[in-house]
Amino acid sequence: MANYWHEDIECMPLEDMRRLQTEKLKKQVQHVWDNVPYYRAKMEEKGVTPDDIQSVDDLHKLPFLSKADLRDAYPYGLLAVPLTDCVRIQSTSGTTGKRVVAFYTQHDVDLWEDCTARAIVAAGGTADDVVQVAYGYGLFTGGAGLHGGSHKVGCLTLPMSSGNTERQIQFMCDLGSTILCCTPSYAAYIGETLHEMGLTPDDIKLKAGIFGAEPWTEEMRRSIEASLGIKAFDIYGLTETSGPGVAFECGEQTGMHINEDHFIPEIIDPDTGEVLPEGSVGELVFTAIDKEAFPLLRYRTRDLCKLTRGKCSCGRTLIKMCKPMGRSDDMLIIRGVNVFPSQIETVLIEQGYSPNYLIEVDRKNNSDTLDISVEMTAEQFSDKMKDVQDKERALASAIKTMLGISPKVHLVSPKSITRSEGKAVRVIDRRKLHD
Amino acid sequence: MDTIKQFSIFVENQQGKMAEVTRLIADAGIDLRSLSLADTRDFGILRVIVNKPEETEALLSANGWTYKVTSVIAVKVPDIPGGVATMLEMLDRANVNVEYMYAFVNRVPGTAVTVVRVDNDFAAIGALTAGGIELLSVEEAYGA
């Protein structure tokens with residue numbers, strides 16, 4: 001028997017869903033127009049007014065929001081209600097230099113928790129379950145999101161937060177946790193530790209896991225399922241749209257149902273911004289049609305993804321998204337390490353260099369190489385060879401401290417790095433040529 | 436004080452870059468009086484002394500080259516065995532450090548003119564003249 005948290009919504013016929021979305025979207029656009037001057041200016045620039053949005057089919061007329069907008073508008077520029085109406089703040093870690101702060105009214109917290117409640121129920125959760133939340137608690141949305149959903153469903157909730165793995169397993173054994181919520185990598189680690197402690201899945205009562213907040217593969221899913229003796233469910237979300245629960249997996253495990261009564265998804269061509277037909281791979285864009293405090297319209301997630309609609313064996317009619325296939329922005333994985341050009345840029349600026357640089361990644365003898373060319377100013381140039389080389393070494397060392405991997409730094413003449421009129425080309429990845 | 440203006444030009448290690456900058460100088464009717472190139476895998480520093488320093492500076496600047504103007508001394512080292520060693524010993528005794536040195540292109544009979552970049556021009560000139568070693572005058576260096 002399939003279980004739903006909101007059967008009327010989760011199994012709603014498409015025409016009804018579109019009607020519901022249209023109604024909410026129109027209201028939301030008016031709300032943003034009236035209360036978020038930052039976005040209103042973007043609409044005006046595009047020549048769009050709330051009157052132009054008469055149905056979900058008009059969504060494409062609205063301007064996009066990107067991470068850069070969030071940075072520009074930090075912290076209150078996209079807030080759509082008075083602060084006094086807000087009850088919560090959550091934030092991203094900011095490790096990539098792109099901190100996002102999101103605001104929630106009580107209504108927003110409720111709808112978010114309803115989303116995670118749907119995920120818990122889809123994973124087989126009921127009021128009889130014991131949910132162990134081993135996502136980090138705090139500003140990070142993982143802990144708070146699943147914690148709230150677990151309460152809604154009426155599960156006995158263990159707010160463990162992440163870490164202290166042996167205690168996690170101790171609680172699992174003593175209190176009979178049935179559902180584990182954490183990142184997939186932490187789930188794998190818990191599984192590993194369980195076996196190291198001489199225990200087997202038979203010693204615990206876990207039946208399901210809800211794992212998200214980072215990319216994971218199908219292979220990893222099978223391995224976690226085997227080591228913990230559970231069924232593993234994927235969950236998707238981002239702080240910008242509320243947190244985990246924007247989409248969740250059902251028992252079919254063939255993609256995540258998007259809570260499209262709250263978040264309208266689109267797939268666009270990341271280069272042109274053009275909306276692509278269903279089934280195409282492109283950048284995932286979300287419009288939050290129900291949120292009050294931080295209602296992002298057409299927010300570009302940078303996740304490359306595919307949407308498919310069709311009746312699912314679970315009975316849900318909610319559109320499905322596949323596991324994100326990668327980022328459309330420029331995160332690089334070099335020697336297994338995630339590298340954002342913005343991190344390199346941060347170091348360059350700290351060390352007094354211009355932000356004109358070129359990152360070149362290649363593969364030589366099966367090993368990734370990272371070369372960074374940086375323009376120096378006339379003042380930074382020295383007629384002594386050693387001074388220039390010392391500068392290169394100092395910069396390479398500062399970048400290594402930031403990234404954890406060693407680059408080769410080349411100082412080059414001012415204005416020698418090609419400028420672009422649009423988005424600057426900062427990265428050349430030649431590894432693709434070899435694949 | 437007889438120090439000479441030297442241009443140190445940053446030259447990326449790309450084909451044609453050296454030709455490009457020397458052609459620029461030549462087309463302005465400027466004569467290279469001495470030249471040295473220090474290079475690594477990625478870049479080189481072309482060091483030149485020219486007959487028209489002011490014009491050269493304006494030219495490099497206007498064409499976007501990265502350069503530094505530094506003062507060097509040009510020493511008339513006696514053209515005998517041990518000439519260079521003797522000169523360096525004088526500098527050493529005066530606690531002057533040599534950053535780099537190279538030979539001057541134009542010959543002065545009986546001497547091997549050597550361009551020397553030191554960390555203390557004043558002390559170097561004092562030590563060398565006291566030791567009886569002549570320096571190339573600015574006029575001689577620029578060929579005026």
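As given, the protein sequences belong to chains A and B, one line each in that order. Under this note's numbering, the first residue of the first sequence carries the number 1, and numbering increases by one thereafter. Under this note's numbering, the first residue of the second sequence carries the number 436, and numbering increases by one thereafter. C-beta: ideal position from N, C-alpha, C; glycine also.
Could you give the C-beta distance for residue 436 of chain A and residue 318 of chain A, rounded to a whole number, given that I count them as a contact under 8 Å? Look at the range of chain A in this structure, 1 to 435, and you will see that residue 436 of chain A is not part of it.
Pull up the distance between the alpha-carbon of residue 205 of chain A and that of residue 229 of chain A, whole angstroms please. As a position in the first sequence, residue 205 of chain A is number 205, starting the count at 1. As a position in the first sequence, residue 229 of chain A is number 229, starting the count at 1. Spanning the two alpha carbons is a distance of roughly 9 Å.
One question on the structure: do residue 263 of chain A and residue 250 of chain A come within less than 9 Å of each other, judged by their Cβ atoms? Taking the first residue of the first sequence as 1, we reach residue 263 of chain A at position 263. Taking the first residue of the first sequence as 1, we reach residue 250 of chain A at position 250. No, the Cβ-Cβ distance between residue 263 of chain A and residue 250 of chain A is not below 9 Å.
As assigned by DSSP and simplified to three states, the class of residue 246 of chain A: Here residue 246 of chain A is taken as the residue at index 246 of the first sequence, counted from 1. In this structure, residue 246 of chain A counts as strand in the three-state DSSP scheme.
Entirely enclosed beta strand (DSSP E) segments - the stretch 77–163 of chain A, minimum 3 residues: 86–91, 101–105, 130–133, 156–159
Bridge partners for residue 372 of chain A per DSSP, in chain order? Stepping through the first sequence from its first residue, residue 372 of chain A is reached at position 372. In DSSP, residue 372 of chain A forms a bridge with A/359, A/409.
So which residues on chain B does residue 378 of chain A lean against when the C-beta distance must stay under 8 Å? Locating residue 378 of chain A in the first sequence gives position 378, where the first residue counts as 1. Those within 8 Å of residue 378 of chain A in chain B are 501, 502, 503.
Closest Cα partner of residue 401 of chain A within the set A/373, A/35, A/347: Position 401 of the first sequence, counted from the start, is the residue given in the question as residue 401 of chain A. That would be A/347, whose Cα lies nearest to the Cα of residue 401 of chain A.
Are residue 153 of chain A and residue 127 of chain A close, meaning C-beta to C-beta below 9 Å? Within the first sequence, numbered from 1, the residue matching residue 153 of chain A stands at position 153. Within the first sequence, numbered from 1, the residue matching residue 127 of chain A stands at position 127. Yes; because the gap between Cβ atoms is below 9 Å, this pair is in contact.
If we ignore side chains and look at the alpha-carbon of each, how far apart do residue 194 of chain A and residue 21 of chain A end up? Residue numbering aside, residue 194 of chain A sits at position 194 when the first sequence is read from its first letter. Residue numbering aside, residue 21 of chain A sits at position 21 when the first sequence is read from its first letter. One C-alpha to the other measures close to 45 Å.
Between residue 521 of chain B and chain A, is any beta-carbon pair separated by less than 9 Å? Translated into positions along the second sequence, residue 521 of chain B becomes position 86. No - not a single Cβ of chain A is within 9 Å of the one on residue 521 of chain B.
So residue 399 of chain A is in the alpha helix (DSSP H); what residue range does that whole segment cover? Along the first sequence, read from residue 1 onward, the residue named residue 399 of chain A stands at position 399. Where residue 399 of chain A is concerned, the enclosing alpha helix (DSSP H) stretches over 385–403.
Quick check on the DSSP output: the alpha helix (DSSP H) that includes residue 338 of chain A runs from which residue to which? Taking the first residue of the first sequence as position 1, residue 338 of chain A is located at position 338. Premise fails: residue 338 of chain A lies in the beta strand (DSSP E), 337–339, not in any alpha helix (DSSP H).
To the nearest angstrom, how far is it from the Cα of residue 243 of chain A to the Cα of residue 386 of chain A? To locate residue 243 of chain A, count along the first sequence from 1; it is residue 243. To locate residue 386 of chain A, count along the first sequence from 1; it is residue 386. Cα-Cα distance, rounded: 51 Å.
Measure from the C-beta of residue 441 of chain B to each C-beta in chain A and report whether the shortest distance is under 9 Å. Within the second sequence, residue 441 of chain B is the residue found at index 6, counting from 1. Answer yes: the Cβ-Cβ gap between residue 441 of chain B and chain A drops below 9 Å somewhere.
Residue 71 of chain A lies in the alpha helix (DSSP H); which residues open and close that run? Your numbering for residue 71 of chain A matches position 71 in the first sequence. First-last of the alpha helix (DSSP H) with residue 71 of chain A: 67–72.
Residue range of the alpha helix (DSSP H) that includes residue 447 of chain B: In the second sequence, the residue the question calls residue 447 of chain B occupies position 12. Looking at the DSSP string, residue 447 of chain B is not in any alpha helix (DSSP H); the run it does join, the beta strand (DSSP E), is 439–447.
DSSP state of residue 429 of chain A, grouped into three classes? Residue 429 of chain A sits at position 429 when you count from the first residue of the first sequence. Looking at residue 429 of chain A - three-state DSSP - the assignment turns out to be strand.
What does the Cβ neighbour count give for residue 14 of chain A, buried or exposed, with the cut at 16 atoms within 10 Å? Sequence index remark: in the first sequence, residue 14 of chain A carries index 14 (1-based). The residue in question, residue 14 of chain A, is exposed, as its Cβ has fewer than 16 Cβ neighbours within 10 Å.
Three-state secondary structure (DSSP) of residue 556 of chain B: Counting from 1 along the second sequence, the entry for residue 556 of chain B is found at position 121. Note: residue 556 of chain B maps to helix in three-state DSSP.
Run through chain B and tell me which residues come within less than 8 Å of residue 412 of chain A, C-beta to C-beta. Residue numbering aside, residue 412 of chain A sits at position 412 when the first sequence is read from its first letter. Here the neighbours are 447, 478.
Does the beta-carbon of residue 446 of chain B have 16 or more other beta-carbons within 10 angstroms, so that it is buried, or is it exposed? The sequence position of residue 446 of chain B within the second sequence is 11, counting from 1. Classification for residue 446 of chain B: buried.
Backbone secondary structure at residue 531 of chain B - three-state DSSP: Here the question's residue 531 of chain B lines up with position 96 in the second sequence. Three-state DSSP puts residue 531 of chain B in coil, outside helix and strand.
Assign residue 537 of chain B to one of three DSSP states: helix, strand, or coil. Numbered from its first residue, the second sequence carries residue 537 of chain B at position 102. Here residue 537 of chain B sits in strand by DSSP.
Residue 25 of chain A versus A/42, A/73, A/298, residue with shortest Cα-Cα distance: Mapped onto the first sequence, residue 25 of chain A falls at position 25. Checking every option, the nearest Cα to that of residue 25 of chain A belongs to A/298.
Give the residues of chain A in contact with residue 473 of chain B, contact being defined as C-beta atoms less than 7 Å apart. Mapped onto the second sequence, residue 473 of chain B falls at position 38. In chain order: 385.
Near-chain A residues of the stretch 481–493 of chain B - C-beta to any C-beta below 8 Å: 482
Does chain B have any CB closer than 9 Å to the CB of residue 446 of chain A? Since the first residue shown for chain A is 1 and the last is 435, residue 446 of chain A is missing from the structure and cannot be characterised.
To the nearest angstrom, report how far apart residue 562 of chain B and residue 414 of chain A are at their CA atoms. The residue given as residue 562 of chain B occupies position 127 in the second sequence. The residue given as residue 414 of chain A occupies position 414 in the first sequence. Rounded to the nearest angstrom, the two C-alpha atoms are 39 Å apart.
Just to confirm before moving on: does the CB-CB distance between residue 369 of chain A and residue 323 of chain A stay below 9 Å? As a position in the first sequence, residue 369 of chain A is number 369, starting the count at 1. As a position in the first sequence, residue 323 of chain A is number 323, starting the count at 1. In this structure, residue 323 of chain A does not lie closer than 9 Å to residue 369 of chain A by Cβ.
Using the Cα positions of residue 310 of chain A and residue 352 of chain A, report the straight-line distance between them to the nearest angstrom. Sequence index remark: in the first sequence, residue 310 of chain A carries index 310 (1-based). Sequence index remark: in the first sequence, residue 352 of chain A carries index 352 (1-based). The alpha-carbon atoms of residue 310 of chain A and residue 352 of chain A are separated by roughly 55 Å.
Using the rule of at least 16 other Cβ atoms within 10 Å of the residue's Cβ for burial, across every protein chain shown, is residue 277 of chain A buried or exposed? Your numbering for residue 277 of chain A matches position 277 in the first sequence. Exposed, because fewer than 16 other Cβ atoms sit within 10 Å of the Cβ of residue 277 of chain A.
Is it the case that the stretch 539–548 of chain B contacts the stretch 509–516 of chain B, given that we only count it when at least three CB pairs across the two stretches are under 8 Å? yes
Between the C-alpha atoms of residue 145 of chain A and residue 151 of chain A, what's the straight-line distance to the nearest angstrom? Numbered from 1 along the first sequence, position 145 holds the residue referred to as residue 145 of chain A. Numbered from 1 along the first sequence, position 151 holds the residue referred to as residue 151 of chain A. Residue 145 of chain A and residue 151 of chain A: Cα-Cα distance of roughly 10 Å.
For residue 448 of chain B, tell me which candidate among A/373, A/395, A/377 has the shortest Cα-Cα distance. Position 13 of the second sequence, counting from 1, holds the residue named residue 448 of chain B. With distances taken between Cα atoms, residue 448 of chain B lies closest to A/373.
Evaluate the contact criterion for the stretch 301–316 of chain A versus the stretch 282–289 of chain A: three or more CB pairs, one atom per stretch, below 8 Å. yes
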